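First residue of the sequence shown: 1, per full-length UniProt numbering; consecutive thereafter.
Using N, Cα and C, we set each Cβ at its ideal position, and we do this for glycine too.
Nothing here was measured: the structure is a model prediction, and the numbers come from that model.
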Amino acid sequence: MFKRFGASSGIWKPKNPYTLEYLKYLHGVLVKNETVTDGNRKLLVEALRAIAEILIWGDQNDSSVFDFFLERQMLSHFLTIMRQQCGSYVCVQLLQTLNILFENIRHETSLYFLLSNNHVNWIITHKFDFENEEIMAYYISFLKILSFKLNPYTIHFFFNEAAQEFPLYTEVIKFYNHSEGMVRIAVRTTTLNIFKVQDESMRAFVRSRSREYFCSLVDMTVYESVSMDQFARSAENEASNRDRLSDFITEELDHIHYFNDIFLIKDRKLTKLLLDILYQRLIGPLYLCSLIPSRRCDSTIILTSVSSLFLLSQFLLTVDDSQVVNTVLSSFFFDNESDIHHQWIRSRNGDLNLVNIEVSSEVVPRIFFKKFLCCLDCELNDHAAFYALLLVYAICQNKGVTEDLLDAAQISRNLVTEDAFDQNLFNSLLSVLQLSSQRDTTVRVVTVELCCMVLRWLLLAAKDESVLHPRALQQAEDAQSALISFLSSVIYTEELFLEMFEDEYYQFERENFHLAAISCDSSLLLPPTNTPLSGVAITKRLTSGSEERIRRVIQLYFHFRKFIFDLRGEEEVMLPLSAHGAPVADINDCINLDNSDLLSCTVVFNKAERQQRFLVADQIQLILVEPDTKRLGWAIVRFVGLLQDTQMTGDPGDSRALHVVVNDVRSRSGRTSEPLLSAKFIFDDHIRCMAAKQRLTKGRQKARQFKLDLICDLLGIARKQFNPGCNRNPFRIVKGCAPGCVRRQQHSRTSPDLRSSNSSLNAVVPDDPKPGTTSAGSSVINLDNVKDV
């Protein structure tokens, strides 16, 4: 019926391999080839792979398949092969088969049979060659798959209470410090699945075997914290260093999230065990002691205050278990050096060791909190202040912090008397706002934004208005006045002030403060840089040059304006810069062009794309239209852009042509964004070309002047009189016939290159001077007599 089972033959493959008969054949192959030789290795690998496929099919379709597998104890054949020196090739296939088998078993009965006879525990404790990467990968994956099968009913297949043996746990934690990241992740996943099983006898065993594991894991976190600190304090703020520091941060956060996952299991005894180890080996001796810059001996390990505050804030942003959080914060707010009994030192061979220390006789009350307040001082720089603010924010937002603790620390939102709030902390927060508005300050915009967020939480979330509310409002208004004083001196002298103002407002509205990304941004952990070549956003670094200083002041103005409005409970009504009620044209609008000045032109985008259009402009917009074939004297808008963002240059090779580029805030702000329009306008002759250039130039001047006047009104400063000269704007729109949304008609959109650009200025513009004689060289064209070319 079947081919012989000899080692020299290849494995037989029927048309339908998913049958009990084929499994019997494969069992025969294993029986005939119990001794592994060079000649039958390939045969055994093929048989093992085929067995796994049949078992998975049988689990879902035919119970007799599994019955045969268990009746003949085929798993024991796996062990027989494994006990021999079968080589990595066969071992890899055995582990792969076991992975496939256990991952795809769905019926509990089948799983129970597989776990019986203690075969799985023997496989777990088998001495594999873990130097082989494939064996290591399949083995750790096998353990992880088994951990997902754990529950109160299956736990006793793995945990022998009488013998106090739990191979799945004791073996997997041996790889906690493996060099391969995926192995470390699998270890954490497996241990978490074990911790979650609600079996008290098993949990007692796990706790008894976890102290050493937790100590080793926390010590590894200490070592990574010290390595990260050493790198961050000495590296320049450039791209490759930021990438490397990001790797340090990722490893650190992985540990913190793992600790938090253990706390979330809510095993009270396990939580206490881990908390004691964390506090005695990491939080107290390293995080808190590093806030005090003095060393008790030369070999004492001390982090920079920046790294210490960063790590503390990350811990509190991640962990919200009430027992853990309140233990850490109680020490932070109220303890002193005498409450820390250990410290980390570096031995002569470079290793880190935790040693006991003598209690100091001179004790400064609340020393950790007082040193934290010193970090809020921004006189020299705001590097430490940023992370001090981040720590305050983490404390404020942490759900595990009790109100009693916040009341005792005098930072609760429910305190309504001035004396009941920690004045040193509040004054430090206000000093950040005050220093940020000074010229040549080293306070970055991101620090001010975070400070405003902290003050909002303290002041606006209270049930009643705090007595500190007026002080914060006054400080913010004073800082805003200083910023306005600076802007008033450059608003009309800086040529690109309008672009800078609109660009920064666009970024301000578009970019939200993403705490998760900001809090672990490596560019902020490295020393602040002041060069744009570093690739760091201007909000996260110091400024360089007059333009960046102006942009920084504009950014700060927007933040202070929003903060002041929030404190007052008011809504923004003047931003974005616009006035309501003015008709403006949009793409596909049908507009009335009676008595309007038009210039016919050919718009050339590239060699292959040319469009015949009429050029129209009012006081704020450049408009390209084509005649409406259904209504004489009307036209369909095909492109609109703002005159204020329009640039024109002549073509040296063609006196009839103008190169026109129209931008907007989106195209200017994006690194790779293209302008709204970049094309060559070819007119009938050089006279019309000169007239078009003159009209667009004067229109641009008037539009920009009007927008700057709006900015003056926003800042509350006097406007500067604009004198465009005695000539009227020849590109006129007769009053009452201004282009706008006179009647919107639905048309299919044209080329995506012709996009709308009117969203940032829907403004009322003063009327044109009275119409006079048409300028020399200009032509008035009535669309009644014009045909679309």
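Problem set entry | Helix, strand or coil at R211 according to DSSP, with G and I counted as helix | For this step, residue 211 is matched to residue 211 along the sequence shown. R211 falls in the helix class under three-state DSSP.
Problem set entry | Cβ-Cβ distance between V206 and F214 below 8 Å | Reading the sequence shown from its first residue, position 206 is the one you call residue 206. Reading the sequence shown from its first residue, position 214 is the one you call residue 214. Result no, Cβ atoms of V206 and F214 do not sit closer than 8 Å.
Exercise. Assuming W344 contacts V536 under a Cβ cut-off of 8 Å, what Cβ separation, rounded to an integer in Å, is found between them?
Worked result: Here the question's residue 344 lines up with position 344 in the sequence shown. Here the question's residue 536 lines up with position 536 in the sequence shown. No, W344 and V536 are not in contact; Cβ-Cβ is about 32 Å, not under 8 Å.
Problem set entry | From L288, N356, Q701, V324, residue whose alpha carbon lies closest to that of D261 | The residue given as residue 261 occupies position 261 in the sequence shown. Just measuring C-alpha positions, the residue of L288, N356, Q701, V324 sitting nearest D261 is V324.
For this session: Return the bridge partner residues of T646 from the DSSP annotation.
Result: For this step, residue 646 is matched to residue 646 along the sequence shown. According to DSSP, T646 bridges with V662.
Exercise. Closest to L643 by CA distance: which of Q621, Y258, V625, Y387 is it?
Worked result: In the sequence shown, the residue the question calls residue 643 occupies position 643. Comparing Cα-Cα distances from L643 to each of Q621, Y258, V625, Y387, the minimum goes to Q621.
For this session: Indicate the three-state DSSP secondary structure (helix, strand or coil) for C289 in the structure shown.
Result: In the sequence shown, the residue the question calls residue 289 occupies position 289. In this structure, C289 counts as helix in the three-state DSSP scheme.
For this session: For H469, name the three-state secondary structure that DSSP assigns.
Result: As a first step, residue 469 is located in the sequence shown; it is residue number 469 there, counting from the start. DSSP places H469 in helix when its eight states are reduced to three.
For this session: Give every residue of the same chain whose Cβ lies closer than 8 Å to the Cβ of S64, excluding the five residues on either side of it in the sequence, and list them in chain order.
Result: Numbered from its first residue, the sequence shown carries residue 64 at position 64. Closer than 8 Å at the Cβ level, and outside the excluded window around S64, lie L20, G58.
Exercise. Leaving out five residues before and five after residue 850 in sequence, what residues of the same chain have Cβ atoms less than 8 Å from its Cβ?
Worked result: In the structure displayed, the chain extends from 1 to 789; residue 850 sits before or after that span and is not available.
Problem set entry | Residue range of the beta strand (DSSP E) that includes I682 | Mapped onto the sequence shown, residue 682 falls at position 682. 677 to 683 is the extent of the beta strand (DSSP E) around I682.
Exercise. Can you tell me whether DSSP reads P528 as helix, strand or coil?
Worked result: The residue you call residue 528 lines up with position 528 of the sequence shown. Looking at P528 - three-state DSSP - the assignment turns out to be coil, as it is neither helix nor strand.
Exercise. What residues in its chain sit with their C-beta under 7 Å from that of A635, if we drop five residues either side in the sequence?
Worked result: Numbered from its first residue, the sequence shown carries residue 635 at position 635. Excluding residues within five positions, the ones whose Cβ falls inside 7 Å are I591, L593, F614, V625, E626, P627, D628, L783.
For this session: For S299, I'd like the list of residues in its chain whose CB is within less than 6 Å of its CB, leaving aside the five on either flank, ordered along the chain.
Result: Against the sequence shown, residue 299 aligns to sequence position 299. Around S299: I345, R346.
For this session: Kindly indicate which residue of R268, N241, T318 has the alpha-carbon position closest to the one of D254.
Result: Along the sequence shown, one-based indexing puts residue 254 at 254. Here the closest residue by C-alpha is T318.
Exercise. Exposed or buried, P285, counting other C-beta atoms within 10 Å across all chains shown (16 or more means buried)?
Worked result: For the purposes of this step, residue 285 is taken as residue 285 along the sequence shown, with counting starting at 1. P285 is buried by the Cβ-count criterion.
For this session: Note down, in chain order, each residue of its chain lying with its Cβ closer than 6 Å to the Cβ of Q96, except the 5 sequence neighbours on either side.
Result: As a first step, residue 96 must be located in the sequence shown, where it is residue number 96. The residues are Y138.
For this session: Can you tell me which of the three DSSP states V65 falls into?
Result: Against the sequence shown, residue 65 aligns to sequence position 65. Of the three classes helix, strand and coil, the one that applies to V65 here is helix, per DSSP.
For this session: Report buried or exposed for K707, applying the criterion of at least 16 other Cβ atoms within 10 angstroms of its Cβ.
Result: Numbered from its first residue, the sequence shown carries residue 707 at position 707. It is buried - the Cβ of K707 has at least 16 other Cβ atoms within 10 Å.
Exercise. Around the C-beta of E71, are 16 or more other C-beta atoms found within 10 angstroms, so that it is buried, or is it exposed?
Worked result: Position 71 of the sequence shown, counting from 1, holds the residue named residue 71. Result: exposed.
Exercise. Of the residues K174, R700, S308, which one's Cα is nearest the Cα of S216?
Worked result: Sequence index remark: in the sequence shown, residue 216 carries index 216 (1-based). Nearest option by C-alpha distance: K174.
For this session: For the alpha helix (DSSP H) containing H107, list its first residue and its last residue.
Result: For the purposes of this step, residue 107 is taken as the residue at position 107 of the sequence shown. Per DSSP, H107 belongs to no alpha helix (DSSP H) and is neither H nor E.
Exercise. Alpha carbon to alpha carbon, how far is L274 from R211?
Worked result: In the sequence shown, residue 274 corresponds to position 274, counting from 1. In the sequence shown, residue 211 corresponds to position 211, counting from 1. Cα to Cα, L274 sits roughly 8 Å from R211.
Problem set entry | For residue 790, the three-state DSSP class (helix, strand or coil) | The displayed coordinates of the chain run from 1 to 789. Any statement about residue 790 would go beyond what the structure contains.
Exercise. With contact counted as at least three CB pairs below 8 Å, one residue from each stretch, are the segment 490 to 501 and the segment 445 to 459 in contact?
Worked result: no
For this session: Please name the residue or residues paired with P576 in a DSSP beta bridge.
Result: Along the sequence shown, read from residue 1 onward, the residue named residue 576 stands at position 576. In DSSP, P576 forms no bridge with anything.
For this session: Within the same chain, show all residues whose beta-carbon is closer than 8 Å to that of P17, passing over the 5 residues directly before and after it, in chain order.
Result: The residue labelled residue 17 in the question sits at position 17 within the sequence shown. Result list for P17: A50, E53, I54, in chain order.
Exercise. Taking Cβ positions, are Q425 and Q475 nearer each other than 8 Å?
Worked result: Residue 425 sits at position 425 when you count from the first residue of the sequence shown. Residue 475 sits at position 475 when you count from the first residue of the sequence shown. In the sequence as presented, Gln is not what sits at residue 425; that position holds Leu. No. Outside cutoff.
Exercise. Are the segment 105 to 112 and the segment 37 to 51 in contact at 8 Å, needing three or more beta carbon pairs?
Worked result: no
For this session: Kindly indicate which three-state DSSP category S141 falls into: helix, strand or coil?
Result: What you label residue 141 is simply residue 141 of the sequence shown in a count that begins at 1. Here DSSP, grouped into helix, strand and coil, assigns S141 to helix.
Exercise. I550 to L496, Cα distance in whole Å?
Worked result: Here residue 550 corresponds to residue number 550 of the sequence shown, with the count starting at 1. Here residue 496 corresponds to residue number 496 of the sequence shown, with the count starting at 1. If I take the Cα positions, the gap works out to 10 Å.
Exercise. For L270, which residues from the same chain have a beta carbon less than 8 Å from its beta carbon, with the 5 sequence-adjacent residues on both sides left out?
Worked result: Taking the sequence shown and counting its residues from 1, the one referred to as residue 270 is at position 270. Closer than 8 Å at Cβ, skipping near neighbours: F195, R203, V206, R207, S210, I262.
Exercise. How about the segment 231 to 245 and the segment 509 to 529: do they share at least three Cβ pairs that are nearer than 8 Å?
Worked result: yes
Problem set entry | CB of L429 within 8 Å of CB of C396, strictly | For the purposes of this step, residue 429 is taken as residue 429 along the sequence shown, with counting starting at 1. For the purposes of this step, residue 396 is taken as residue 396 along the sequence shown, with counting starting at 1. Going by C-beta atoms, L429 is not nearer than 8 Å to C396.
For this session: Note the first and the last residue of the continuous alpha helix (DSSP H) segment covering N424.
Result: The sequence position of residue 424 within the sequence shown is 424, counting from 1. Segment 423 to 436, the alpha helix (DSSP H) holding N424.
For this session: Would you mind sorting residue 819 into buried or exposed? The rule is 16 or more other CB atoms within 10 Å of its CB.
Result: Outside the displayed span of the chain (1 to 789) sits residue 819, for which this structure offers no information.
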